[in-house]
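Protein chains in written order, with this note's numbering: chain A, 68 to 162; chain B, -16 to 467.
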């Protein structure tokens, strides 16, 4: 199965990975080969089989709606690329 | 002293033959001497010596457990408070974790001494440790070869006697395959046994923490301390953990070992096949019975895994956006540009490849054809194991189809690299426990792993059979030349 350079550019946009023509063309070759491998799944008929999302069909455990975490905002923001007065700073999004 | 087992160290520490500080210093010296292996990303010498001094006080006061004062290393995927936690990525090359993973807390509470953090494939995506931002790790048995991956730094450190044990994680074989390639013991417990809290997520329905050691006996001791319910991991099993030491030495006469015919086909290197067959004869000599079993859907284990793992990864790794922690690009036009530049700069090629595959198989119009299809195959693969275990107590086969390959040999072909996981990743899809133990060497002196797969939650049988094998053989005692 062939994945085109344009498709890679679109996928990279969805995944928020900057790309350019050269990079998209490079990844197109690898992704096509990987999807050829993936297509081997079709050798096996899976009609009427229930999908399995989790090993042993385990379910996520729920807990009581109680505050358990302590407030460590300063510790967490100390490692942020840009933070000020308790806020994470990003480029302006609203003019 | 670096060749002793954990139990031997614990006895020596209690007798006062040497102190934990001396033992720790000895291993720190070995870490320095073994620097060329590139097994460590961070060495925390000062902190290690403080922890060792504390352990010595506890041992003197009679307040010590079986792991008190034993040095070890953590795979750099486990968050360590106040210590750099990189996950082998430029993205986290500046990340000093504000908290400890549960595994880190538990082993620290058990009195263990952490020497530092080991190198690994970036975000645990790789089978050779070559995708690390910190460069490839060298195999102590042959420095021009890979140690396997993704826990390559942990495996090389344990094989080269830089540390008696190291933590590791396994999403598709990342504990067992490097254990095989480095000639050591590596156990991946059942999904849910070991808390994933603070273990940086790759594929959340497959990731499981475990340990690399030089023997099954050591693995049982460490796994005991790591395992058990953790309220902070919503997939942690709220079940009692059996005493792994209790049945470790039990006779294995009468146990039935299933041999999947799919694990002994043409794709296996002859030396691997012969060595694994010899190991199985050894188990038969110990009284085990063998029976052929079938895992008919294992042929699609690799494609199934390479849909599900990237899909989960693409979702998990969306958290790395240059906003709250990790790498942020120096220059950007707007928010979207900041995200995409930070991620393109911060992630290496293999990680970007897997994010793109995952994004593609989850995208509109492809979800049913790929993601749901793979989940259906996952059920068939898990059902195959259930049926096989109706006929046997444990399944045996090779861990990997070949021995350690030269650094660079498979870099141009991601698919060739993925095929390394052929015998390991179906075990993750089913959530079962598996161990790899050294079973011998090929003509070039490269180690070969025997894989033992257990029933869900039956780590005890896996450890028992591995230990009996190691009592009858001495492959696990062999050390690479220059590191003995």
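Here a beta-carbon is modelled for each residue, glycine too, at the ideal position from N, C-alpha and C.
Asked                                                                                                                           : Found
Own chain, CB closer than 6 Å to residue 518/B, minus 5 neighbours either side, in chain order                                  : Chain B is shown only over -16 to 467; residue 518/B falls outside these bounds and no answer can be derived.
Contact list for residue 56/A against chain B, beta-carbon separation under 7 Å                                                 : As displayed, chain A neither begins before 68 nor continues past 162, which places residue 56/A out of reach and without an answer.
Reference residue 92/B, options 209/B, 255/B, 82/B and 414/B, closest by Cα                                                     : 209/B
Beta carbon of residue 297/B nearer than 7 Å to that of residue 341/B                                                           : yes
Host beta strand (DSSP E) of residue 195/B (start-end)                                                                          : 191 to 196
Residue 245/B classed as buried or exposed, judged by whether at least 16 other C-beta atoms fall within 10 angstroms           : buried
Through-space distance from residue -12/B to residue 27/B, alpha-carbon basis                                                   : 23 Å
For residue 418/B, the residue or residues it bridges with in DSSP                                                              : 170/B and 435/B
Neighbour flag for residue 60/B against chain A, beta carbons, 7 Å                                                              : no
Residues bridged to residue 149/A (per DSSP)                                                                                    : DSSP output for residue 149/A lists no bridge partner at all.
7 Å Cβ shell around residue 87/A - same chain, five flanking residues per side excluded                                         : none
Chain B contacts from the region 113 to 128 of chain A (Cβ-Cβ distance under 8 Å)                                               : 113, 116, 117, 118, 119, 120, 121, 122, 123, 125, 127 and 128
Cβ pair count under 8 Å reaching 3, the region 184 to 191 of chain B against the region 284 to 301 of chain B                   : yes
Cβ-Cβ distance between residue 408/B and residue 155/B below 7 Å                                                                : yes
Contact set between the region 290 to 308 of chain B and chain A, restricted to residues whose Cβ is under 8 Å from the partner : 290, 297, 301, 304, 305, 306, 307 and 308
Bridge partners - residue 424/B, DSSP secondary structure assignment                                                            : 430/B
Residue 92/A versus residue 72/A - alpha carbon distance                                                                        : 5 Å
Cβ-Cβ distance between residue 108/B and residue 334/B below 7 Å                                                                : yes
Distance between beta carbons of residue 377/B and residue 171/B, contact taken as under 8 Å                                    : About 14 Å separates the two Cβ atoms, so there is no contact after all.
Rounded straight-line distance, which links the Cα of residue 395/B to that of residue 121/B                                    : 19 Å
Cβ-based neighbour list, residue 308/B, same chain, cut-off 6 Å, excluding 5 preceding and 5 following                          : 78
Within chain B, the residues that residue 151/A reaches when beta carbons sit closer than 8 Å                                   : Within 8 Å Cβ-Cβ: nothing; residue 151/A doesn't reach chain B, min ~13 Å.
For residue 150/B, the residue or residues it bridges with in DSSP                                                              : 194/B
Contacting positions in the region 256 to 290 of chain B - beta carbon closer than 8 Å to chain A                               : 280, 282, 283, 285, 286, 287, 289 and 290
Residue 227/B burial status per 10 Å Cβ neighbour count (16 or more: buried)                                                    : buried
Beta bridge counterpart(s) of residue 440/B as assigned by DSSP                                                                 : None; residue 440/B has no bridge partner.
Residue 136/A at chain B interface by Cβ criterion, 7 Å                                                                         : no
Chain A residues whose Cβ lies nearer than 8 Å to that of residue 363/B                                                         : 111, 113 and 116
Beta-ladder partner(s) of residue 299/B, from DSSP                                                                              : According to DSSP, residue 299/B bridges with nothing at all.
Any chain B beta carbon closer than 7 Å to residue 140/A                                                                        : no
Residue burial classification, residue 131/B (beta-carbon count within 10 angstroms, cutoff 16)                                 : buried
Min CB distance residue 147/A to chain B below 7 Å                                                                              : yes
Neighbour flag for residue 84/A against chain B, beta carbons, 7 Å                                                              : yes
Residues of its chain near residue 458/B, where Cβ-Cβ distance is below 7 Å and the 5 sequence neighbours each way are ignored  : 421, 422 and 423
Alpha-carbon to alpha-carbon, residue 230/B and residue 447/B                                                                   : 6 Å
Neighbour flag for residue 68/A against chain B, beta carbons, 7 Å                                                              : no
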